[in-house]
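Below: the structure, in structure tokens.
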Amino acid sequence: MGDTQRPAKKAVKSRPKPASTNEPQFVQLLSPEGRRVKHPDYDIDLTDEEYRGLYRDLVITRELDAQGTALQRQGQLGLWPSLLGQEAAQVGSGRALRAQDTVFPAYRELGVQWCRGIDLISSFALFRGVDLGGRDTVADRFNMYAIVIASQTLHAAGYAMGVAMDGAVGTEDGEAVIVYHGDGATSEGDFNEALVWAGVFNSPLVFFCQNNQYAISETNARQFRLPPYRRAEGFGVPGIFVDGNDVLATYAVTRGALDRARGGEGPSLVEAYTYRMQPHTTSDDATRYRDEAELDFWRAKDPVVRYRKWLAAEGLADEAYFAGVDTEAGEQVRALRARVMALTDPEVSEMFDNVYAQMPAGIAAQRAEAVEFQASLENGSDAR
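Residue numbers for the sequence shown follow the numbering used here, so the first one is 1017 and each next one is one higher.
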């Protein structure tokens, strides 16, 4: 996840172009000013409590993510990939999932993890370096973070093929699979191969592309000639272009794609058009490739501010509710921080465990040597 050194260049401001008659419309249900927008193919009708719940998700996700950045800056994490600006894409799609659906994340999907009710400590432990972020992924239906760009798309394609072969699709209770990736992943071979396999085998897979405008330090203009949602057609897969800063639109579009998948109608590609407000990771210097004017342009489209305006205008939430969410978010942050700080370093032997069902003799010898060497350091001697 490192950066290639390049000379500074003027930032390129990209924004959606009006769709032609041959292209899908840009799906938006809330304008940047917080006004409700009608769309002929997508709509959403939730209870008042569910509408308020989406705001709670957005705020808590943002605050937990900010704590990840703070912990890294304080030397408590080795790295942190912020999702600031992408909360609506993650919360909207995450809440559209059903209990039986399976998720293949990249490495920035803290908001989806929150919506799925999964203990977030696994992500923080991974970036603290005390373990590999492992969990019971079968029980969670949420796979481990994938650091290698686009590798998870092939994993998801294979899993979704298995779901179809098991006959677990074709009804409302069928299983759908969603794989999260960025715009940079669409330039990788794994992503294109995954689309081939998913399309040919009519797999119940939703490719969810968070187009946050940058593949590390490269803009979309240096990644592809056509946006991901248009390229999907070449694989026989429908592409949907949605405002990724609009939590309602993201929810509606993802719900439709997942329903299509679990009903046996095959894969889809959702391109959520959003923006990464922070650097690629805390090891990145984004000032080298974008300017303040570009950030200001996207601050005006802030997904949390937009949704709050709409809730207030519709009388669905008042200042007391917003203050209560802020208080709860603070409590969540403090609790998480305490747990992160309490994480202990692993035993040196753990790097050898849970790798082989039956440990080879050579690995066992290395394990014994590592344990002996660690003990010598603790005893103030050197066993070498």
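Ideal placement from N, C-alpha and C gives every residue a C-beta, glycine not left out.
These figures come from a predicted structure and were not determined experimentally.
Within the same chain, Cβ atoms closer than 8 angstroms to the Cβ of T1360 are found at V1146, the five residues on either side in sequence being excluded. Following the DSSP letters along the chain, one finds I1165 in no alpha helix (DSSP H), marked with neither H nor E. Secondary structure of N1236 (DSSP, three-state): helix. If you look at L1070, you'll find it in the alpha helix (DSSP H) that goes D1064 to R1089. Looking from the CA of V1320, the closest CA among I1165, A1173 and G1260 belongs to G1260. Per the DSSP secondary-structure output, E1310 pairs with nothing in a beta bridge. Bridge pairing for H1197: C1225 [DSSP].
Judged by beta-carbon spacing, Y1067 lies within the 7 angstroms limit of L1332, meaning their Cβ atoms are closer than that value. Between the alpha carbons of I1060 and S1365 lies a distance of about 52 angstroms.
Proximity to Y1161 across A1329, S1138 and M1181 peaks at S1138, based on C-alpha coordinates. One Cα belongs to D1156, the other to A1316, and the distance between them is close to 36 angstroms. A direct Cα-to-Cα measurement between C1225 and I1256 gives close to 10 angstroms. In the structure shown, the three-state DSSP call for V1119 is strand. Proximity to F1338 across Y1071, Q1044 and L1062 peaks at Y1071, based on C-alpha coordinates. Cα atoms of D1300 and G1101: separation of roughly 17 angstroms, rounded to the nearest angstrom. The beta carbons of Y1305 and V1258 sit about 26 angstroms from each other, so the pair does not count as a contact at 8 angstroms.
Looking only at A1122, E1125 and G1133, the smallest Cα-Cα distance to R1114 is reached by G1133. Judged by beta-carbon spacing, V1222 lies within the 7 angstroms limit of A1277, meaning their Cβ atoms are closer than that value. The beta-carbon separation of E1079 and V1349, rounded to 5 angstroms, stays under the 8 angstroms limit for a contact. Excluding sequence positions up to five before and after T1266, its CB lies within less than 7 angstroms of the CB of A1104, A1105, G1108, S1109, V1258, G1260 and A1288, all in the same chain and listed in chain order. Exposure of A1351 is indicated by the presence of fewer than 16 other C-beta atoms within 10 angstroms of its C-beta. Comparing C-alpha distances from S1284 to each of D1152, V1193, D1182 and D1057 shows the shortest one belongs to V1193. Annotation: the continuous alpha helix (DSSP H) that includes V1212 extends over G1205 to V1216.
Residues of the same chain with a CB within less than 8 angstroms of the CB of I1379, apart from the 5 flanking positions on each side, are F1368, V1371 and Y1372 in chain order. Residue burial annotation: G1282 is buried, with at least 16 other C-beta atoms found within 10 angstroms of its C-beta.
Taking C1131 as the centre and dropping the five residues before and after it, the same chain places the C-beta of D1073, V1107, G1110 and R1111 closer than 7 angstroms to its C-beta, in chain order. Secondary structure note for A1288: it is in no alpha helix (DSSP H), and the uninterrupted beta strand (DSSP E) holding it is S1284 to Y1289.
In this structure, the alpha-carbon of G1250 lies about 12 angstroms from that of V1216. Where V1258 is concerned, the enclosing beta strand (DSSP E) starts and stops at G1255 to D1259.
Using a 10 angstroms sphere on the CB of Q1090, the tally of other CB atoms stays under 16, which defines it as exposed. Per DSSP, reduced to three states, the secondary structure at L1093 is coil, with no helix or strand assignment. Of the other Cβ atoms in all chains shown, 16 or more fall within 10 Å of the Cβ of E1125; this residue is therefore buried.
DSSP links A1231 through a beta bridge to E1234. For the set A1201, L1327 and F1120, the Cα lying nearest the Cα of N1236 is the one of A1201. Taking C-beta atoms under 8 angstroms as the contact rule, Q1116 and D1189 qualify, at a distance of about 7 angstroms.
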